[in-house]
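Residue numbers (the numbering used here): 10 to 185.
Glycine is no exception: its CB is placed at the ideal position from the N, C-alpha and C atoms.
As the structure is a computational prediction, the values presented were derived from the model and not from experiment.
Notes follow the structure.
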């Protein structure tokens, strides 16, 4: 996903930030990046220097952690934004801010919503496994495979006299 205006995946920038924070001894901030639900959001465009996009990195963390942070929230946001700006400086002059918030994770009687966030390493492992197994997971189905569950393409006639079925027609014009 590239919501942060980077030419690379947002997850790669987040992992770089977490590693920088850990190397600098800011383990609590690194842990928030790795365990929180991180999302870049475009905030606004400023007219500074010909136009600068401003983004917010929203980090939703477990409610217990949010309460435990207490008065250190602003300081932690400052530490994280410093590393974000350092990591993102190679991509341009956009401006960034960080906002920590409590994660909404469950509702009484809704066990499907219980639990914490999925960490970066687990998300990356899932994506790697899907790629390794060649599982079509993000628009990688062919037109025929995409339409087959909705239409019986082997029964539908083709409007092209060279083909008996719509499936053959679609495959010839879109795949072959």
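Straight-line Cα distance separating residue 95 from residue 143: 36 Å
beta-carbon residue 80 near the ligand ATP non-hydrogen atom, thresh 6 Å: In the structure on display, the ligand ATP does not appear, and there are no ligands present to speak of.
Local Cβ density within 10 Å of residue 43, reported as buried at 16 or more and exposed below that: buried
Between the CA atoms of residue 161 and residue 37 - distance to the nearest angstrom: 55 Å
Contact the stretch 19-33 vs the stretch 71-78: 3+ CB pairs below 8 Å: no
Simplified DSSP assignment, three categories, for residue 40: helix
Sub-7 Å separation of residue 86 and residue 65 beta-carbons: no
Beta-carbon spacing of residue 163, residue 169 below 7 Å: no
Inside the stretch 69-119 only - beta strand (DSSP E) runs reaching at least 3 residues: 104-111
Cut-off 8 Å between Cβ atoms - residues of its own chain near residue 60, not counting five sequence neighbours on either side: 54
Extent of the continuous beta strand (DSSP E) to which residue 169 belongs: Note, residue 169: premise wrong, no beta strand (DSSP E); not H, not E.
Exposure label - residue 17; buried when at least 16 CB within 10 Å: exposed
Separation of residue 132 from residue 157, as counted between CA atoms: 30 Å
Unbroken beta strand (DSSP E) run spanning residue 50, endpoints: 46-55
Through-space distance from residue 153 to residue 56, alpha-carbon basis: 47 Å
Strand pairing of residue 62, partner residues [DSSP]: 54
C-alpha gap between residue 50 and residue 67, whole angstroms: 7 Å
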